[in-house]
Structures are given as structure tokens and as C-alpha cells.
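Going by our numbering, the sequence shown opens with residue 1, and the numbers climb by one from there. Single-structure report; data block below.
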Amino acid sequence: MNVPECESKLFFKGDFQFSELIKMILPGEASLYTVAILISFFLKSEGASRVAELQAKELTAMGYSVVVFTFESDIHPTDFSVKIIESCTGTSTSKLSILYRALFPFNLWKSIRLSSKLKTTNLIIVHQETLVNVAYYAKLFHGSKIIYWHHHITESRLMTLRERLYNLIISPFNWRKIKTFNFIISISEHSKDMLREEKGVESIVVYDEIEYSRFNNNNLDGTYIRKKYNIEFDDPVILFVGRITPTKNIHFLISAFRIVKMKIPNAKLIIVGRAYNKPYAESLMRNCDPGVSFAGFVADEELPSYYAACDVYATCSLV
């Protein structure tokens, strides 16, 4: 990672707010700069997408011109633009689309063509590896500054066969490019340590931020959610929000909840999230306690009410 000495001493002292980092990279009047965010898919149900969306909103509020490039989006902002990369491969979950995105870094002609659309962009933030090549050529040919936003590396023992193959064959090709970028961000100290161990790369820690205006208990009422799941006013509620996959360790959370129920019989557990692994989700539902409710995917505007309804937030996530 190419970090000027004067900056690296400051960065590695601790965590930074996103806005502070951007101002450091793009000093002066924000309206003079354009920022592009590159992400494989820009979806309400996907964690990295929500981080990218918050970044786009914050950058726009700061005065920067912002554009998001992605293969698929169900987010329709009014304060920044979203440009869809043509692929003709269907939705993000189709096998053809997954294969196309995995192999996209080898699509040299398409990558260079896309990078030409970024020639007036001052800063590019890349989420996920799919569009790394595009950012690389924008830096090479047009001098754009690049941030790679590293969300996490899944431990090898938790990877699916498809993920193992990607990590073995394609990911090294991408990381040769990423290592030339100006800045690499990790979302936690643990992610930073894993990145150093797995890739031999140093990074800056910037924690994911929260929209405090939305997730403010003074402005929210969780009564509706409790009524929806037939939960009494004085029943303690535990909440989990995340993808329904084995790496989120939800089976362990349900096991721990059974222990809680022994001492607090009226406790309830609400699990919010889309099932990315259907057999795993079905297994959880078959074997769970009656006090466990699966909400499935919850619309973004309704999510704060779930947090307002709970007494405790819990996670056993391994990733």
C-alpha cells in the first residue's frame, strides 16, 4: 500500500471516521472533486452494499459529486447517481452472473473501457474484488487515487468449494493489483490482522458507521414489531440481523438461546436476514425453539423498529 510517511504515522494510531479519511485524501473544496464507488452489486439486502450506500450519502452531504458503478441495483437514490454495467447475465444470484463477475477481472477490454469513464474521477472506492481491474486501469491511465475497502477474509475452513477455488485461482490475480492502490481499508482490527496474515498487506482501520438519525431510540417505537410476533410487552427480546449462512454461526446462537430460556422462559429471539444458504436456513427452522422467530429479509425502512423492539442485540458471527 502506497501511504505517504506523514499520513501513515497518523493513520496507524487508531480508528478514523470515514469523513476524516476522505478530507485527508481530497483536501480543500469538496465540490471540486468527483468520487466513484465500484461494487459488484448494490442491493438493499447485502452488507457491503449498505456500507457503500452510506458512504455515497455521506460524500454527497459533504459536497462531493458521487457516482456508483455496479452490475445490479435495487437502491434508487435521489442525491447521487447509479450507473449499471451491462452484463446480460441475469440477477446477482444466477449461476451465469456469478461466473461472469468472478471472471470479470480477466475481461481486459471491458475493464479498460469502463476505466475510461473514470478519467475525470479524483477518487475511486472499490468494494469487493470484481471491479479491481477497472480501478487499476483508472489509476494507471488517468492518475485516479484508489481506496480498496476490504470487508473481511473468510477463514479457509469456512469457505465453500466455490470460494476456495476463487481464492486459489482468481483472488491472487486481483490482489497483485490491489497492492498498488493508494489506500487499503479494513473494517476492524481483526480484519486488519487477518489481511496481514493472509495477504501480507498493511491496512487502515475504519469502522462501519451507523445512521444515528435513523437508529435513535428516542425517535422509534418497537411496539408494532412485538405485536407482529405476539411478544408481550415485558418479554425480553434478543435480536440478530445478518445473512443466514453457516459463517454467521446462527445455530450456535440458537443453542445459546436455549440456555437463556432455562432461566428466562419468556425470552424471545428474532432472526432477521435473507437465507443465502437455503438448506442451512431450513435446518435452523426445523430444529429451533418455539420462542425463535425468523423474519426473513426486512425492508430498510422497517429495520430500525426491530432494533427498537429488542432488549439485547446478539451475534455469534465468525465472519
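Think of the CB as a built atom: it goes at the ideal place given N, C-alpha and C, for glycine as much as any other residue. Remember, predicted model here, so these are calculated numbers, not experimental data.
Can you round the beta-carbon distance between arginine 274 and isoleucine 250 to whole angstroms, since I take them to be within the 8 Å contact cut?
Not confirmed; about 13 Å, so no contact.
Measuring alpha carbon to alpha carbon, tell me which of Leu168, Ile178, Ile112, Pro172 ends up nearest tryptophan 149.
For tryptophan 149, the nearest C-alpha among the options comes from Ile178.
Go through the stretch 38-107 residue by residue and report every complete run of the beta strand (DSSP E) that reaches 3 residues or more, in order.
Those beta strand (DSSP E) runs which fall completely within the stretch 38-107 and span 3+ residues are 65-70, 81-84.
Give the DSSP bridge partners of phenylalanine 183, in chain order.
Answer by DSSP bridge pairing, in chain order: Ile147.
Taking the alpha-carbon positions, what's the leucine 114 to phenylalanine 42 distance?
Looking at the two C-alpha atoms, the distance is approximately 17 Å.
Closer than 6 Å by C-beta to valine 35: which residues in its own chain qualify, once you throw out the five before and the five after it? Chain order, please.
Closer than 6 Å at the Cβ level, and outside the excluded window around valine 35, lie Leu59, Tyr64, Val66, Leu123.
Check this for me: beta carbons of lysine 268 and aspartate 235, under 8 Å apart or not?
Yes, these two residues count as a Cβ contact at 8 Å.
Grouping DSSP H, G and I as helix and E and B as strand, with all else coil, what is serine 213?
Correct three-state label for serine 213: coil.
So threonine 70 and isoleucine 39 are supposed to be a Cβ contact under 8 Å. How far apart are they, rounded?
Going by Cβ atoms, the distance from threonine 70 to isoleucine 39 rounds to 5 Å, so yes, they are a contact pair.
Give the range of the alpha helix (DSSP H) segment to which proline 278 is assigned.
One detail in the question is off: residue 278 reads as lysine in this sequence, not proline. First-last of the alpha helix (DSSP H) with lysine 278: 278-287.
Pairs of beta-carbons, one from the stretch 287-302 and one from the stretch 253-273, closer than 8 Å: are there three or more?
Touching, per the Cβ criterion.
Are cysteine 310 and leucine 253 touching if we call contact CB-CB under 8 Å?
The answer is no: Cβ separation not under 8 Å.
With distances taken from CA atoms, which of Phe141, Ser116, Ser171 is nearest arginine 101?
Nearest C-alpha to arginine 101: Ser171.
Excluding the 5 residues flanking lysine 192 on each side, which residues of the same chain have their C-beta closer than 7 Å to its C-beta?
Taken in chain order, the residues that qualify are Ser186, Ser203, Val205.
My guess is that isoleucine 37 and isoleucine 169 are in contact by the Cβ rule of under 8 Å, so how many angstroms apart are they, rounded?
With 8 Å as the limit, isoleucine 37 and isoleucine 169 do not qualify as a contact, their Cβ atoms being about 27 Å apart.
So if DSSP puts serine 305 in a beta bridge, which residue, or which two residues, is it bridged to?
Answer is none; serine 305 lacks a bridge partner.
Quick one: is phenylalanine 257 buried, meaning 16 or more other Cβ sit within 10 Å of its Cβ, or exposed?
Under this definition phenylalanine 257 is a buried residue.
Taking the alpha helix (DSSP H) that valine 134 belongs to, which residues open and close that run?
That run of the alpha helix (DSSP H) goes 132-142.
I want to know whether the stretch 17-27 touches the stretch 131-141 - three or more CB-CB distances under 8 Å.
The stretch 17-27 is not in contact with the stretch 131-141.
Residue range of the alpha helix (DSSP H) that isoleucine 124 falls in?
Premise fails: isoleucine 124 lies in the beta strand (DSSP E), 123-127, not in any alpha helix (DSSP H).
Is the CB-CB distance between arginine 226 and phenylalanine 233 below 8 Å?
Closer than 8 Å, so yes.
Per DSSP, which one or two residues make a beta bridge with tyrosine 33?
Note: tyrosine 33 sits in no beta bridge, so no partner.
Out of Tyr306, Lys117, Val51, Thr130, which has the shortest C-alpha to C-alpha gap to asparagine 219?
Selected option, being the one with the closest Cα: Tyr306.
What span of residues does the alpha helix (DSSP H) with leucine 195 cover, start to end?
Looking at the DSSP string, the run of the alpha helix (DSSP H) that includes leucine 195 is 189-199.
In the DSSP assignment, what residue or residues form a beta bridge with lysine 268?
Paired residue(s): Val237.
Taking histidine 127 as the reference, give the member of Glu53, Pro27, Ser81 with the closest Cα.
Of Glu53, Pro27, Ser81, the residue nearest in Cα terms is Glu53.
Between asparagine 182 and leucine 131, what straight-line distance do the alpha-carbon atoms span, to the nearest angstrom?
Looking at the two C-alpha atoms, the distance is approximately 16 Å.
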